[in-house]
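**Q** Let me begin by handing over the structure; questions about it come next.
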Amino acid sequence: MPTNVVTRFAPSPTGYFHAGSYRTALFSCIYARQNGGKFILRIEDTDKERSKKEYEDNIVDSLQWIGLKYDEFYRQSDRTELYRESIRRLMDSGHAYLSKETPTDAGDRPAGRQNREEVIRFRNPNKKVVFDDMIRGRIEFDTTELGDFVIAKSMDEPVFHLVVVVDDADMGITHIIRGEDHISNTPRQILIFEALGVMPPKYAHIPLLLSGDRSKLSKRHGAVPITEYRSRGYLPEAVVNYLALLGWHPSDDKEIMSFDEIVGAFSLDRVQKSGAIFDEEKLKWFNKQYLNRMSDERFTEAAMPFVPDWLTTGSMLFARLSPIIKEKISCLSDIAGLFAGGGELAFVHAIGPYDPSMLLWKKEPDRSASLRHLNAVRDLISGLSEEGLTADGLKSAIWPYAEANGRGNVLWPLRVALTGQERSPDPFVCAYIIGKEESLKRIDDAISVLG
Ligand code: GLU
Numbered sequence: 036m037p038t039n040v041v042t043r044f045a046p047s048p049t050g051y052f053h054a055g056s057y058r059t060a061l062f063s064c065i066y067a068r069q070n071g072g073k074f075i076l077r078i079e080d081t082d083k084e085r086s087k088k089e090y091e092d093n094i095v096d097s098l099q100w101i102g103l104k105y106d107e108f109y110r111q112s113d114r115t116e117l118y119r120e121s122i123r124r125l126m127d128s129g130h131a132y133l134s135k136e137t138p139t140d141a142g143d144r145p146a147g148r149q150n151r152e153e154v155i156r157f158r159n160p161n162k163k164v165v166f167d168d169m170i171r172g173r174i175e176f177d178t179t180e181l182g183d184f185v186i187a188k189s190m191d192e193p194v195f196h197l198v199v200v201v202d203d204a205d206m207g208i209t210h211i212i213r214g215e216d217h218i219s220n221t222p223r224q225i226l227i228f229e230a231l232g233v234m235p236p237k238y239a240h241i242p243l244l245l246s247g248d249r250s251k252l253s254k255r256h257g258a259v260p261i262t263e264y265r266s267r268g269y270l271p272e273a274v275v276n277y278l279a280l281l282g283w284h285p286s287d288d289k290e291i292m293s294f295d296e297i298v299g300a301f302s303l304d305r306v307q308k309s310g311a312i313f314d315e316e317k318l319k320w321f322n323k324q325y326l327n328r329m330s331d332e333r334f335t336e337a338a339m340p341f342v343p344d345w346l347t348t349g350s351m352l353f354a355r356l357s358p359i360i361k362e363k364i365s366c367l368s369d370i371a372g373l374f375a376g377g378g379e380l381a382f383v384h385a386i387g388p389y390d391p392s393m394l395l396w397k398k399e400p401d402r403s404a405s406l407r408h409l410n411a412v413r414d415l416i417s418g419l420s421e422e423g424l425t426a427d428g429l430k431s432a433i434w435p436y437a438e439a440n441g442r443g444n445v446l447w448p449l450r451v452a453l454t455g456q457e458r459s460p461d462p463f464v465c466a467y468i469i470g471k472e473e474s475l476k477r478i479d480d481a482i483s484v485l486g
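Under my numbering, residue 486 is the last one in the sequence shown; the count climbs by one each step, no gaps.
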């Protein structure tokens with residue numbers, strides 16, 4: 036087991052935090068936790084034109100929602116002095132020098148910026164750089180083609196490669212776990228480490244997360260901010276579980292795993308080399324598993340922002356509804372649809388006008404029989420005490436009558452009388468939810484409609 040592991044997640048605050056970045060953060064954090072090490076969040080905001088505080092806040096908020104805790108926090112714009120010292124050191128030791136900016140440096144220049152007179156370049160030793168990637172194995176790179184690359188636009192404007200290396204060295208990062216889109220940056224960064232006289236860390240480049248069409252999931256390519264999943268009613272533990280299993284799976288193929296279980300089972304050499312597809316349907320499946328396992332108390336709390344205004348989560352009514360709601364949804368935002376017009380639980384709040392012919396069982400439509408059964412069932416329900424008015428209590432009271440007179444003939448009109456809907460839970464559950472008084476009232480209304 037490596038000792039004193041320090042990992043970092045180093046996002047640039049240039050877009051909303053999405054699933055791809057989240058998985059990178061997750062793998063880095065898991066690796067640190069697994070080795071009793073430290074996990075650092077470092078905001079890489081040296082690109083002043085594209086970095087925004089709003090995005091930094093979104094990164095912090097997303098990590099908090101998802102429960103990923105970091106041990107230290109840094110922001111590169113607070114560390115300019117350190118970078119200036121490093122540039123000076125590299126220049127003093129002959130590893131960097133002032134030179135004219137050329138058109139080939141344009142890629143390193145923020146859009147709209149004019150050519151400037153001079154930039155600071157790294158003196159490339161033009162050698163072969165080899166590193167052992169913990170996921171991809173040995174990687175060899177001939178750096179000759181890179182030429183002398185820019186590490187700063189001025190003493191106060193270091194660029195990406197320099198700040199990453201200076202920070203990784205200063206923070207004692209032992210393992211860099213990041214997206215494979217950074218593989219091509221690694222040789223330059225290793226050269227800078229060597230010039231600074233610091234041993235490069237170990238690298239693990241994880242495969243990209245892809246969208247359904249196999250294109251890279253990125254902030255510039257339609258990726259959904261992770262906080263959007265919170266608004267859609269996903270549970271953070273389901274998101275963590277699903278994303279950890281994208282590109283990695285434990286040796287026993289277990290699927291439902293808590294963060295601690297993942298930390299216990301994770302290994303970088305089980306991370307696959309090919310890209311993994313992010314599939315919201317699969318995420319829904321994970322979410323449902325977590326909803327099913329939730330205590331009533333936690334479910335009540337989690338559901339609160341998603342229930343319609345008239346339904347108070349602390350109420351007896353909600354307590355009756357919650358197991359049914361839980362069973363019918365995949366994510367909490369599905370709750371609204373259950374109670375909206377056409378939803379299976381719309382009847383709870385109010386019964387809408389319905390066509391009286393709906394009260395007749397389709398297989399044996401018989402008005403007088405339906406009336407007789409509704410009256411009989413009404414009596415059975417009114418004879419029940421409040422304690423007897425559970426779904427089971429109602430079923431034991433009504434079932435023998437239904438068996439004797441034909442289940443469909445008895446239960447269909449009852450269900451429609453209680454709900455006015457084609458689709459709903461069974462009539463015992465419906466009567467239990469709306470209670471004795473309201474059930475009797477709705478049955479009376481149905482009787483007068485039919486009579
Ligand atoms: N700031 C870089 C990014 O957001 C990551 C740098 C790194 O992990 O080395 O893509």
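Where is the CB? At the ideal position from N, CA and C, for every residue including glycine.
How is ALA45 classed by DSSP in three states: helix, strand or coil?
**A** For the purposes of this step, residue 45 is identified with residue 10 of the sequence shown, where counting begins at 1. Coil, per DSSP.
**Q** Just checking SER112 against the ligand GLU - is the residue's beta carbon closer than 7 Å to any of the ligand's heavy atoms?
**A** To locate residue 112, count along the sequence shown from 1; it is residue 77. Taking 7 Å as the cut-off, the C-beta of SER112 does not count as close to any heavy atom of the ligand GLU.
**Q** Of the choices VAL164, ASP167 and LEU125, whose alpha-carbon is the least far from that of ILE155?
**A** Here the question's residue 155 lines up with position 120 in the sequence shown. It is LEU125.
**Q** Grab the span of the alpha helix (DSSP H) containing ILE218 for me, first residue to last.
**A** The residue given as residue 218 occupies position 183 in the sequence shown. Premise fails: ILE218 is in no alpha helix (DSSP H) and is neither H nor E.
**Q** Measuring straight from C-alpha to C-alpha, what distance separates ARG450 and PRO462?
**A** Within the sequence shown, the letter at position 415 stands for residue 450. Within the sequence shown, the letter at position 427 stands for residue 462. One C-alpha to the other measures close to 5 Å.
**Q** With respect to 7 Å, is the separation between the Cβ of GLU120 and the closest non-hydrogen atom of the ligand GLU below this value?
**A** Residue numbering aside, residue 120 sits at position 85 when the sequence shown is read from its first letter. No; taking the cut-off as 7 Å, the Cβ of GLU120 has no heavy atom of the ligand GLU nearer than that.
**Q** Can you give the Cα-Cα distance for GLY72 and TYR105, rounded to whole angstroms?
**A** Stepping through the sequence shown from its first residue, residue 72 is reached at position 37. Stepping through the sequence shown from its first residue, residue 105 is reached at position 70. Answer to the nearest angstrom: the Cα atoms are 11 Å apart.
**Q** For THR81, which residues from the same chain have a beta carbon less than 6 Å from its beta carbon, with the 5 sequence-adjacent residues on both sides left out?
**A** On the sequence shown, residue 81 is found 46 positions in, with the first residue counted as 1. Closer than 6 Å at Cβ, skipping near neighbours: GLN111 and VAL198.
**Q** I need the DSSP call for TYR269, collapsed to helix, strand or coil.
**A** Here residue 269 refers to the residue found at position 234 of the sequence shown. Of the three classes helix, strand and coil, the one that applies to TYR269 here is coil, per DSSP.
**Q** The ligand GDP heavy atoms versus the CB of HIS217: any closer than 7 Å?
**A** The model depicted lacks the ligand GDP and carries the ligand GLU instead.
**Q** Taking LEU380 as the reference, give the member of VAL164, GLU89, PHE74 and GLN456 with the closest Cα.
**A** The residue labelled residue 380 in the question sits at position 345 within the sequence shown. For the residues VAL164, GLU89, PHE74 and GLN456, the minimum Cα distance to LEU380 belongs to GLN456.
**Q** Does TRP283 pass the burial test, meaning 16 or more other C-beta atoms within 10 Å, or should it be called exposed?
**A** By 1-based counting over the sequence shown, the position of residue 283 is 248. Buried, because 16 or more other Cβ atoms sit within 10 Å of the Cβ of TRP283.
**Q** Classify PRO400 as helix, strand or coil using the three-state DSSP reduction.
**A** As a position in the sequence shown, residue 400 is number 365, starting the count at 1. Three-state result, PRO400: coil.
**Q** Does the beta-carbon distance from LEU61 to LEU278 come in below 8 Å?
**A** Reading the sequence shown from its first residue, position 26 is the one you call residue 61. Reading the sequence shown from its first residue, position 243 is the one you call residue 278. Result yes, Cβ atoms of LEU61 and LEU278 sit closer than 8 Å.
**Q** Would you check if the segment 424 to 443 and the segment 460 to 474 touch, i.e. whether three or more CB-CB distances between them fall below 8 Å?
**A** yes
**Q** Report the CB separation of ALA481 from LEU409 in whole angstroms; it is logged as a contact under 8 Å.
**A** Your numbering for residue 481 matches position 446 in the sequence shown. Your numbering for residue 409 matches position 374 in the sequence shown. With 8 Å as the limit, ALA481 and LEU409 qualify as a contact, their Cβ atoms being about 6 Å apart.
**Q** According to DSSP, ALA31 sits in a beta bridge with which residue or residues?
**A** Nothing in the structure corresponds to residue 31, since the chain is present only between 36 and 486.
**Q** Can you tell me whether PHE313 is helix, strand or coil according to DSSP?
**A** On the sequence shown, residue 313 is found 278 positions in, with the first residue counted as 1. The answer is coil: DSSP assigns PHE313 none of H, G, I, E or B.
**Q** Looking at C-alpha atoms only, which residue of ARG413, GLY441 and PRO435 is the closest neighbour of PRO400?
**A** Here residue 400 corresponds to residue number 365 of the sequence shown, with the count starting at 1. Answer by Cα proximity: GLY441.
**Q** Once DSSP output is grouped into helix, strand and coil, what is the label at PRO460?
**A** Locating residue 460 in the sequence shown gives position 425, counting from the first residue. Three-state DSSP puts PRO460 in coil, outside helix and strand.
**Q** Is SER86 near the ligand GLU, judged by its Cβ being under 7 Å from some heavy atom?
**A** As a position in the sequence shown, residue 86 is number 51, starting the count at 1. Because no heavy atom of the ligand GLU lies under 7 Å away, the Cβ of SER86 does not count as near it: no.
**Q** To the nearest whole angstrom, what separates the beta carbons of LYS87 and PRO138, a pair I think is in contact under 8 Å?
**A** For the purposes of this step, residue 87 is taken as the residue at position 52 of the sequence shown. For the purposes of this step, residue 138 is taken as the residue at position 103 of the sequence shown. With a Cβ gap of about 29 Å, LYS87 and PRO138 do not count as contacting.
**Q** In chain order, what residues of the same chain lie with their CB nearer than 6 Å to the CB of THR179, ignoring the 5 residues before and after it?
**A** For this step, residue 179 is matched to residue 144 along the sequence shown. Hits under 6 Å: ASN161.
**Q** Counting pairs of beta carbons, one from the segment 231 to 247 and one from the segment 303 to 321, are three or more of them closer than 8 Å?
**A** yes
**Q** To the nearest angstrom, how far is it from the Cα of ASP479 to the Cα of GLY418?
**A** Translated into the one-based positions of the sequence shown, residue 479 becomes position 444. Translated into the one-based positions of the sequence shown, residue 418 becomes position 383. Distance between the alpha carbons of ASP479 and GLY418 is about 15 Å.
**Q** Might you give, ordered along the chain, the residues of its own chain that have their beta carbon closer than 7 Å to the beta carbon of LYS363, omitting 5 neighbours on each side?
**A** Translated into the one-based positions of the sequence shown, residue 363 becomes position 328. Cβ neighbours of LYS363 beyond the five flanking positions: LEU373 and GLU379.
**Q** For PHE341 and THR454, which I take to be in contact (beta-carbon distance under 8 Å), what is that distance rounded to the nearest angstrom?
**A** Translated into positions along the sequence shown, residue 341 becomes position 306. Translated into positions along the sequence shown, residue 454 becomes position 419. Actually they are not in contact, since the Cβ atoms of PHE341 and THR454 sit about 22 Å apart, beyond 8 Å.
**Q** DSSP puts GLU175 in a beta bridge; with which residues?
**A** Within the sequence shown, numbered from 1, the residue matching residue 175 stands at position 140. DSSP, once it has assigned bridges, lists VAL165 as partnering GLU175.
**Q** Specify the secondary structure class of PHE301 as computed by DSSP and reduced to three states.
**A** Here residue 301 corresponds to residue number 266 of the sequence shown, with the count starting at 1. Secondary structure of PHE301 (DSSP, three-state): coil.
**Q** Taking a contact to mean a Cβ-Cβ separation below 8 Å, would you say SER97 touches THR262 in this structure?
**A** Numbered from its first residue, the sequence shown carries residue 97 at position 62. Numbered from its first residue, the sequence shown carries residue 262 at position 227. Taking 8 Å as the Cβ cut-off, SER97 and THR262 qualify as a contacting pair.
**Q** What did DSSP end up calling LEU252 once you bin it into helix, strand or coil?
**A** Mapped onto the sequence shown, residue 252 falls at position 217. Three-state result, LEU252: coil.
**Q** Is any non-hydrogen atom of the ligand GLU found closer than 7 Å to the C-beta of PRO235, if you look at the structure I gave you?
**A** What you label residue 235 is simply residue 200 of the sequence shown in a count that begins at 1. Every heavy atom of the ligand GLU is 7 Å or more from the Cβ of PRO235, so no.
**Q** Got a sec, what are the start and stop residues for the beta strand (DSSP E) ILE212 sits in?
**A** Against the sequence shown, residue 212 aligns to sequence position 177. Segment 210 to 214, the beta strand (DSSP E) holding ILE212.
**Q** For the 8 Å Cβ check, are there 3 or more pairs between the segment 283 to 301 and the segment 114 to 123?
**A** Short answer: they don't touch.
**Q** Considering only their Cβ atoms, is the gap separating ARG43 from MET234 smaller than 8 Å?
**A** Along the sequence shown, one-based indexing puts residue 234 at 199. Along the sequence shown, one-based indexing puts residue 43 at 8. Cβ distance not < 8 Å, so MET234 and ARG43 don't count as in contact.
**Q** Classify PHE52 as helix, strand or coil using the three-state DSSP reduction.
**A** In the sequence shown, residue 52 corresponds to position 17, counting from 1. Three-state result, PHE52: coil.
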